[in-house]
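Remarks on the structure that follows.
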Amino acid sequence: MPDPFHLAFPVNDLQAARAFYGGLLGCPEGRSSDHWIDFDFFGHQIVAHLSPGDSAGDTATNHVDGHGVPVPHFGVVLDMDTWKKLADTMRAAGTEFVIEPYIRFEGQPGEQATMFFRDPSGNALEFKAFADRSQLFEK
């Protein structure tokens, strides 16, 4: 795996963030305080910072493959089996998807499975997978 990234992002409720990232997504919790929580986000470090005055969510959308992709967003590239299990978990939890799980760029270079949903604070997340991960940066 390449070097892990670090991302800090605002949340308006730490307990809701803990339940979503730690509970629903299964991300182990690292260090924390009354104002932030570290999570192991599939091998990467994300930090939910309590910022009740900030509003998360879209500042824009980009049209990609017929969908309005929320900007900003963050996420991770998973292997296909893990992606399918996560899609099933999120469906079973009654998740409201921004973009339902589907195959993007089907039959083209860079074909990928993708889905978008939001955390309890409105942050948009994308999870994707490639049948052939070597196509991650294919044109």
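Here the sequence shown stands for residues 39 to 177, numbered as in my numbering. Just so you know, even glycine gets a beta-carbon here, dropped at the ideal spot from N, CA and C.
As assigned by DSSP and simplified to three states, the class of residue i
i       : result
Ala-54  : helix
Gly-113 : strand
Gln-146 : coil
Gly-64  : coil
Lys-123 : helix
Where residue i falls, given that 16 or more other Cβ within 10 Å makes a residue buried
i       : result
Ser-172 : exposed
Leu-174 : exposed
Closest Cα partner of residue i within the set the options
i       : options                            : result
Ser-159 : Gly-68, Phe-135, Leu-45, Ala-54    : Ala-54
Arg-156 : Leu-88, Trp-74, Gly-132, Arg-142   : Gly-132
Leu-116 : Val-107, Gly-106, Phe-154, Ala-167 : Ala-167
Phe-47  : Ile-84, Tyr-59, Asp-72             : Ile-84
Asn-161 : Ser-70, Thr-120, His-87            : His-87
Residues bridged to residue i (per DSSP)
i       : result
Tyr-140 : Thr-152
Open item on the list: I want to know whether the segment 70 to 81 touches the segment 143 to 153 - three or more CB-CB distances under 8 angstroms.
Closed with: Between the segment 70 to 81 and the segment 143 to 153 there are fewer than three inter-stretch CB-CB distances shorter than 8 angstroms, so the stretches are not counted as touching.
TODO: Examine the Cβ distances between the segment 60 to 72 and the segment 100 to 116 and report whether three or more of them are shorter than 8 angstroms.
DONE: no
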